[in-house]
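To start, the structure itself, in structure tokens.
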Amino acid sequence: MKQGLTFFSLLAVLAFGCKPETETIPGTTPLELNAPRSFGKPEIPTDNPTTVEGAQLGRMLFYEKKLSGDNSMSCGTCHQQKHAFTDGSNALSLGIDGLPGTRNTMSLANMAWSTSYTWDGGAKTLEQQARVPIESKIEMHQNMQQAVRKLQNSAHYPPLFMRAFGSEKITEENILKALAQFERTLISADSRYDKFKKEYDKTKNNAAAIFTEDEYKGFVLFNNHPDPNSMRGADCMHCHGGDLFTTQVITNNGLDHTFKDLGKGGLTGNRFDEGKFKATTLRNIALTAPYMHDGRFQTLEEVLDHYNEHVVRNSPNLDPEISSASNNNDPVNGLGLTAKEKAQIIAFLKTLTDEKFVTNPEFSDPFEKGE
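For the sequence shown, my numbering gives the first residue as 103, with consecutive numbering after it.
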């Protein structure tokens, strides 16, 4: 494997922010995450500070097929970079035994700022989340102890663990820590929207020139709460507000009256949590179809149609904000957006595509390049 640290060293140089609050392993290089200040402070456990060496090891492990029971798939199999680290056209991914999963593969963009992980919010850290697909019987189907043995017996992993964690003895904990460190470097913040936002913070006039007329009108509709007397809007910002394009809320968005998948309710056992799923980021949304926790919608047009016309009003635990927004413009038909307005919102959503994020060679499969 090549030993160059060019990319991550550059990140460390360009990154802004305070000094790390935790000390890294002696001999490692601290890596601060380079992202817009509007993202806020990243969620990084004190016992796993991000380092150049840990993130590089994590990248190797992310694409390492030895982490699956039959050595046939890796994390990158279902989290494909070209699809913003989702699984392309698959509503439900297939595991190593040919069994379909139960939920759609989520994007991994800007995970360092998430406060919970998975569709039901069951994992509170990336370290916890990383264990789930590896040990899942319908995904990678491998006990972590077996994964440790495979990596320990390989020629190149013990030295990499030494560089990252100060010991050639490979542990479950350090495998998960390295994976989490790499995933925290997967930052998407260089879309046309981001260029627009920089100007918008200075002067709205200059910002409007960056977008087409339809894109700008879509931006306004996205951020407006509908007013039955005057204002047109879709109230998207309630669940997808801010520059992360998710408020981290876990909620029922009115897909069903009865639930095949209980969502958060299946985790907590609380009937008031049934049908609640995490509002995922909309960054790179044009690349991450199909949509929703079960991949039921193939296009953004179908998604807009749902919120505009097909919210299930009698769905138990329906988010009151969604119910309120749907009733304000048109008590019968929901938001009451026109076909033109829906197209404008979609035009805006497409400005969230970050081409550098999905082509950055430092996020790609190192084994394909012989690194």
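Glycine residues also receive a C-beta, built at the ideal position from the N, C-alpha and C atoms.
query                                                                                                                                                                     : result
Alpha carbon to alpha carbon, what distance is there between Asn150 and Glu123?                                                                                           : Caution is warranted here: a pLDDT of 47 is assigned to Glu123, below 50, making its placement in the model unreliable, and the coordinate value is therefore given only provisionally. In a straight line, the C-alpha of Glu123 is about 11 angstroms away from that of Asn150.
Once you ignore the five residues that flank Asp421 on each side, which residues in its own chain have a CB closer than 7 angstroms to its CB?                            : Thr353, Asn354 and Asn355
What number of angstroms, rounded off, separates the C-alpha of Phe321 from the C-alpha of Phe361?                                                                        : 32 angstroms
Can you grab the Cα-Cα spacing for the pair Ala211 / Leu439, in whole Å?                                                                                                  : 29 angstroms
In its own chain, which residues sit with a C-beta less than 7 angstroms from the C-beta of Thr217, not counting the 5 before and 5 after it?                             : Glu145 and Gln350
Please report how far the alpha carbon of Gln446 lies from the alpha carbon of Lys319, in whole angstroms.                                                                : 6 angstroms
Closer than 7 angstroms by C-beta to Phe267: which residues in its own chain qualify, once you throw out the five before and the five after it? Chain order, please.      : Ile127 and Asn276
Out of Gly142, Phe141, Thr153 and Gln254, which has the shortest C-alpha to C-alpha gap to Glu134?                                                                        : Thr153
Use the C-beta contact count for Glu317: other C-beta atoms within 10 angstroms, 16 or more gives buried, fewer gives exposed.                                            : buried
In the DSSP assignment, the alpha helix (DSSP H) including Asn276 goes from what residue to what residue?                                                                 : Glu274 to Arg286
Give the DSSP bridge partners of Phe399, in chain order.                                                                                                                  : Tyr393
With distances taken from CA atoms, which of Met394, Lys297, Asp172 and Asp456 is nearest Glu237?                                                                         : Asp172
Check whether the region 403-410 touches the region 369-382, taking contact to mean three or more Cβ pairs, one atom from each stretch, closer than 8 angstroms.          : no
With three or more beta-carbon pairs closer than 8 angstroms as the criterion, would you say the region 154-172 touches the region 249-263?                               : yes
Let's see if you can read the secondary structure: which residues bound the alpha helix (DSSP H) around Leu384?                                                           : Here Leu384 belongs to no alpha helix (DSSP H), and DSSP marks it neither H nor E.
At the level of alpha carbons, what is the spacing between Leu357 and Val414?                                                                                             : 6 angstroms
Under the rule that 16 or more other beta-carbon atoms within 10 Å means buried, what is Arg251, buried or exposed?                                                       : exposed
Can you find the residues in the same chain that come closer than 8 angstroms, C-beta to C-beta, to Asn245, ignoring five residues on each side of it along the sequence? : Glu237
Could you name the residues that DSSP lists as bridge partners for Ile352?                                                                                                : Lys380
For Ala225, which beta-bridge partners are listed by DSSP?                                                                                                                : Tyr219
Per DSSP, what kind of secondary structure is Gly156 in: helix, strand or coil?                                                                                           : helix
For a quick check, are the C-beta atoms of Thr314 and Ala441 less than 8 angstroms apart?                                                                                 : no
Whole angstroms is fine: what's the gap from Ala186's alpha carbon to Met208's?                                                                                           : 9 angstroms
Reducing DSSP to helix, strand and coil, say where Leu437 ends up.                                                                                                        : coil
Go ahead and pull the three-state DSSP assignment for Pro132.                                                                                                             : strand
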